[in-house]
Amino acid sequence: MLYSRWLLLLASAHAHGATVCPLLGPTFPAPTALSKDESFLSATEELSSKLHKAIDNGDLPSISFALQIFNGQEPGSAFSFYHTDDIVKSGNVGVNEIDENTIFRIGSISKLWTMFLYMTFGGIRHFPEPITKYIPELRANQSSSKPPNAIDHVQWEDVTIGELASHQAGILNNYGLLDLGSQQNTLQNQGFPELSESEQVSCGNTRPCDRAEFFDGVLERPATSYTPLYSNSGYQLLGYALESILGASYEDILLDRLIKPLNLTQSSLNAPNPDRAAIPYNETASWFDFELGDAGSVGGIYSSTKDMATFGRAILSNTLIEPAIKRRWLKPAAHTSSLRGSVGAPWEIYSYSTPRRVDLYSKAGDIGSYSSFLGLSPDHDTGFTTLVAGSSNSHQSTAVIADIVADTLLPTLDTVARNQALERFGGDYELSTGGSNSSITISADDSPGLHVERWISDSVDMYETLMTLTGVTDPSAISIRLQPNGLQSTGRIRFSAVIYAMETPPDAGPISGSCVSWFVVDTFVYGNVGLSDFEFDLDDNEYATSISPQALRITLPRV
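For the sequence shown, the residue numbers in mature numbering (1 follows the signal peptide of the UniProt record, and there is no 0) are -17 to -1, 1 to 542.
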């Protein structure tokens, strides 16, 4: 069946001509030393120009912001940009000039910090567990003598920690905070009915709800849906569950597991000294000092771009978490109605075409005059963060900044990765013994992956062998591209060969036009070793010294 599928795919390629259809994920090893790379530095000059233009033409009105690009293997910032608006420059409280240590509220990026806390103790293992296991108020509600019906009440025993983490539990977004009932005198003239005293919410807008008030409200609200719907209340529940699992307060867990180990000197759960912060207008009008109480796990954290970059770098470099945990965490949990957007825990995942697909794992946050964004590209081991303070529409400004950065950065990172891979792995590899020659030539072009330009084994052209195996007569129908597969140890790195990639006809539908490379990797196996398995030996500087096509049981030195 699989061999027949291979033949059908190759026959289609023969009809249309081969193009590269890569595997999802990195097409070259992640770029390093960005701050010294000429292509990257040239792109950051372009990025600076775009940001200045957006400020000057009014696309970024009345905001102050800080921006950093960072790499998982580079300790400092690869690129920084700071802008201070007149509102902050002339302010009577807080800093008058934005820099990497300026403190902002990060709003809902706090949810990402909360989930990172779970990851520090392998918290994914708790994802299948019901939330009732860790929250007695929910257990008591489910064990009442009259079972709640599914329409009017959430079936809490069916709600898992993982569903809450990825906004799939179908529970209310907020309780108390932003409830329009606090404006009922005005809204009654706009079609809303009068609320009785028992229907009015007494906490949230004027003061934080305590735990008892929160559960009184949450347990009264019906379920909303089972499609992903953003839920602040879900992350408050996750904060309570975290405290139950670890037997400590959320603030102590945050300090002991993130802030202290990563030396995040400008980060805190409670409002810091305002002298170090960006504060438009004043502390009250900007919501700088607005207290969230038990909702700190939802949106209560304060931080700086330097600390946010350190936080993002820690995720990329597996600091505090195991690599296997990170791989499971940086995955989509559900799709949205947009083909370019998916949901994780609590990742907001955006798919870009560079022209290959690159997924940006991000989290945004908003509270008062503050807006924030963190984006990670695992393919490139690189991320960026921007923190914004200012106008009432700071969220839109943050989105504009993030778009400008991503549109400039992601294609550049592909270029840098390609150039570095060509230098590290490109060239000829050859071994001649007893009149027989084996050789491979590795190159790189505008297509994804290292190109196996020429492949001779025991004086036989392996491209012709592949054509014989597949029944293809046109050499252009076969392409061999090497992509890193994540397997690496000291002195060795493995790649997977995408031996075929099919062109998508312009009128093809989702099924016939699908990228099928992931179907055919490791289809041809010789003596239990895949023809797609390639390994490079590396020197102390991680440059290739030899290549081994594993199925052929031979090592070819680099010449």
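Backbone N, C-alpha and C fix where the C-beta goes; we use that ideal spot for every residue, glycine too.
Discussion item. In this structure, how does DSSP classify Phe478 when only helix, strand and coil are distinguished?
Written reply: Taken through DSSP and simplified to helix, strand or coil, Phe478 comes out as strand.
Practice prompt. Could you tell me which residues DSSP pairs with His136 in its beta bridges?
Written response: Per DSSP, none; premise fails for His136.
Discussion item. Please report the straight-line C-alpha distance between Arg240 and Lys346, rounded to a whole angstrom.
Written reply: Using only the alpha carbons, I get a separation of about 20 Å.
Fill in: Inter-stretch contact (C-beta, 8 Å, three-pair minimum) for the segment 100 to 117 and the segment 164 to 175
At 8 Å Cβ cutoff, the stretches do not touch.
Worksheet item: Can you name the start and end residues of the beta strand (DSSP E) that residue 571 belongs to?
Response: With the chain running from -17 to 542 in the structure shown, residue 571 is simply not present.
Worksheet item: What residue does the beta strand (DSSP E) around Pro467 start on, and which one ends it?
Response: DSSP places Pro467 inside the beta strand (DSSP E), whose first and last residues are Arg464 to Ser472.
Worksheet entry | Per-residue DSSP class, three states only, for Lys496 | Sequence inspection shows Gly at residue 496; the Lys mentioned does not correspond to that position. DSSP places Gly496 in coil when its eight states are reduced to three.
Discussion item. Suppose you measure from the CA of Ala26 to the CA of Thr395; what does that come to, to the nearest Å?
Written reply: Rounded to the nearest angstrom, the two C-alpha atoms are 7 Å apart.
Discussion item. I'd like to know if the segment 252 to 262 and the segment 192 to 204 are in contact, where contact means that at least 3 CB-CB pairs between them fall below 8 Å.
Written reply: Contact fails: fewer than three Cβ-Cβ distances are below 8 Å.
Discussion item. Assuming contact is defined by CB atoms lying nearer than 8 Å, are Ile298 and Ile107 in contact in what I supplied?
Written reply: Here Ile298 is not near Ile107, since their CB atoms are 8 Å or more apart.
Practice prompt. Return the chain-ordered list of same chain residues with a C-beta closer than 6 Å to the C-beta of Val542, the five sequence neighbours on each side being excluded.
Written response: Around Val542: Asp411 and Glu413.
Discussion item. Relative to the C-alpha of Asp82, which candidate in Ile92, Tyr509 and Val71 has its C-alpha closest?
Written reply: When only C-alpha atoms are compared, the closest one is Val71.
Practice prompt. Quick one: give me the first and last residue of the beta strand (DSSP E) that Phe64 is part of.
Written response: From DSSP, the beta strand (DSSP E) with Phe64 extends over Phe62 to His66.
Item to complete: Would you be able to state if there are at least three C-beta pairs under 8 Å between the segment 227 to 235 and the segment 166 to 178?
Response: No contact exists between the segment 166 to 178 and the segment 227 to 235.
Fill in: Nearest residue (CA-CA) to Arg311, options Ser250, Pro361, Ser352 and Ser334
The candidate whose alpha carbon is nearest that of Arg311 is Pro361.
Worksheet item: Which whole-angstrom value describes the C-beta separation of Ser22 and Val341, a residue pair presumed to lie in contact below a C-beta threshold of 8 Å?
Response: Not quite, the Cβ-Cβ distance comes to about 17 Å (not below 8 Å), so this is no contact.
Item to complete: Evaluate Glu29 with the Cβ neighbour count: other Cβ atoms within 10 Å of its Cβ, from every protein chain shown; 16 or more gives buried, anything less gives exposed.
Response: Exposed: under 16 other Cβ atoms inside 10 Å.
Item to complete: Tell me, please, which residues DSSP counts as bridged to Val341.
Response: According to DSSP, which records beta bridges pairwise, Val341 is partnered with Tyr335.
Item to complete: Compute the distance between the beta-carbons of Ser355 and Thr391, then report whether it is under 8 Å.
Response: Contact annotation: Ser355 and Thr391 have beta-carbon atoms that are not nearer than 8 Å.
Discussion item. Measuring only the C-alpha atoms, how far is Asp523 from Arg475?
Written reply: Note on geometry: alpha-carbon atoms of Asp523 and Arg475 lie some 11 Å from one another.
Worksheet item: Quick one: is Ser216 buried, meaning 16 or more other Cβ sit within 10 Å of its Cβ, or exposed?
Response: Ser216 comes out buried.
Practice prompt. Report the three-state DSSP secondary structure of Val78 (helix, strand or coil).
Written response: Val78 sits in coil when the DSSP states are folded into three classes, being neither helix nor strand.
Worksheet item: Can you tell which of Thr248, Thr189, Tyr353 and Gly153 has the C-alpha that lies nearest to the C-alpha of Ala49?
Response: Check the Cα spacing between Ala49 and each of Thr248, Thr189, Tyr353 and Gly153: the tightest is with Tyr353.
Worksheet entry | Inside the segment 382 to 463 only - alpha helix (DSSP H) runs reaching at least 4 residues | Taking only runs of at least 4 residues, the alpha helix (DSSP H) segments lying wholly in the segment 382 to 463 are 445 to 453.
Worksheet item: Within 10 angstroms of its Cβ, does Arg194 collect 16 or more other Cβ (buried), or is it exposed?
Response: Arg194 is exposed by the Cβ-count criterion.
Discussion item. Taking its Cβ as the centre, do 16 or more other Cβ atoms sit within 10 Å of Phe502, making it buried, or is it exposed?
Written reply: Its Cβ having fewer than 16 others within 10 Å, Phe502 is exposed.
Worksheet item: In this structure, does DSSP put Trp216 in helix, strand or coil?
Response: The sequence shown places Ser at residue 216, not Trp. Judged by DSSP in its simplified three-state form, Ser216 adopts helix.
Fill in: Rounded C-alpha distance that separates Phe408 from Phe99
Distance between Phe408 and Phe99, taken at the CA atoms: about 35 Å.
Worksheet item: What is the DSSP secondary structure of Glu518, reduced to helix, strand or coil?
Response: Residue state, collapsed to three classes: strand.
Practice prompt. Identify, in the order they occur along the chain, each residue of the same chain with its Cβ nearer than 6 Å to the Cβ of Ile384, setting aside the five sequence neighbours on each side.
Written response: The answer, listed in chain order, is Thr369.
Worksheet entry | Endpoints, beta strand (DSSP E) assigned at Phe271 | It is not in any beta strand (DSSP E) - Phe271 carries neither H nor E in the DSSP assignment.
Worksheet entry | Spatial neighbours of Ser529 in its chain, beta-carbon cut-off 8 Å, leaving aside the 5 residues before and after | Around Ser529: Tyr412, Phe519, Asp520, Thr538, Leu539, Pro540 and Arg541.
Item to complete: Run the CB neighbour count on Glu305, radius 10 Å, all protein chains shown included, and call it buried at 16 or more, exposed below.
Response: That one is exposed.
Worksheet item: Given a threshold of 16 other Cβ atoms within 10 Å of its Cβ, counted over all protein chains shown, does Arg296 qualify as buried or as exposed?
Response: With 16 or more other Cβ atoms within 10 Å, it is buried.
Worksheet item: Tell me which same chain residues have a C-beta within less than 7 Å of the C-beta of Ala(-3), skipping the five on either side of it?
Response: Confidence is the limiting factor: at Ala(-3) the pLDDT is only 39, short of 50, which leaves the residue's position unreliable and the question unanswerable from this model.
Worksheet item: So what's Tyr353 in DSSP terms, helix, strand or just coil?
Response: The DSSP-derived three-state label of Tyr353 is strand.
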